[in-house]
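Reading through the structure tokens given below for one structure.
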Amino acid sequence: MAQNIYKAHLKYAGDEFFIGTSPSGHAVAIDTKGDRKQAPTPVEMLLISVAACSAADVISILLKKRQDVVSYDVEVTGERVDEYPRKFEKFHVHHIVQGRSVSEKALADAIKLSDEKYCSVAATVRPTAEITTSFEIIEVAGD
Numbered sequence: 000m001a002q003n004i005y006k007a008h009l010k011y012a013g014d015e016f017f018i019g020t021s022p023s024g025h026a027v028a029i030d031t032k033g034d035r036k037q038a039p040t041p042v043e044m045l046l047i048s049v050a051a052c053s054a055a056d057v058i059s060i061l062l063k064k065r066q067d068v069v070s071y072d073v074e075v076t077g078e079r080v081d082e083y084p085r086k087f088e089k090f091h092v093h094h095i096v097q098g099r100s101v102s103e104k105a106l107a108d109a110i111k112l113s114d115e116k117y118c119s120v121a122a123t124v125r126p127t128a129e130i131t132t133s134f135e136i137i138e139v140a141g142d
């Protein structure tokens with residue numbers, strides 16, 4: 000199996016801040032002093048990554064299925080163990096779709112495809128953490 004290599008860069012910026020640069024060249028500040036809350040921590044970025052990976056798949060599938068999505072949000076929660084290294088043992092991904100006549104089956108199928116087939120972040124964390132999903136559809140009136 001061929002492997003694709005991705006390379007990111009992390010630079011210490013002082014005072015427990017880092018600047019991460021993604022393989023595509025985008026920089027993001029990372030704050031490792033969690034109580035300061037000046038930038039996301041690495042753990043917070045993992046939560047965002049789980050949500051974003053799933054969301055990208057789900058919205059793509061819904062649009063291909065010609066679902067009339069007006070707004071789409073994803074909330075992710077994670078449960079960590081108390082002992083170091085305080086790893087996540089559970090994630091819950093909740094999809095909130097607002098739209099016109101959005102099919103419950105289309106959304107459920109899109110979430111399942113993302114969760115079981117397409118989301119590489121979920122596939123990476125799943126060997127050590129359980130991932131559950133849920134969704135709600137909010138009907139939006141006419142045009």
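Residue 2 in numbering that gives the first Met the number 0 is what sits at position 3 of the sequence shown, and the numbering runs on without skipping anything. All residues carry an ideal CB built from backbone N, CA and C; glycine is no exception. These numbers come from a predicted model, not from an experiment.
Looking at the DSSP output, Ile29 shares a beta bridge with Phe17. Glu88 sits in a strand when the DSSP states are folded into three classes. By alpha-carbon distance to Phe87, the top candidate from Lys116, Ala51, Leu46 and Glu135 is Leu46.
In the three-state reduction of the DSSP assignment, Ala105 falls in the helix class, which pools H, G and I. The segment 22-41 and the segment 59-76 do not touch, with fewer than 3 CB-CB distances between them shorter than 8 Å. Using a Cβ-Cβ distance cut-off of 8 Å, the segment 53-67 and the segment 33-40 are not in contact, since fewer than three pairs of beta carbons, one from each stretch, lie closer than that value. When only Cα atoms are considered, Lys111 and Ala140 end up about 27 Å apart. For His8, same chain residues with a beta-carbon under 6 Å away, outside a window of 5 residues either side, are Thr20 in chain order.
Shortest Cα-Cα distance from Asn3 to any of Thr131, Ser119 and Thr132 involves Ser119.
A residue is called buried when at least 16 other Cβ atoms come within 10 angstroms of its Cβ; Leu106 meets this threshold and is buried. Annotation: Gly33 to Thr131 spans about 26 Å, alpha carbon to alpha carbon. A Cβ-Cβ contact shorter than 8 Å links Ile95 with Glu135.
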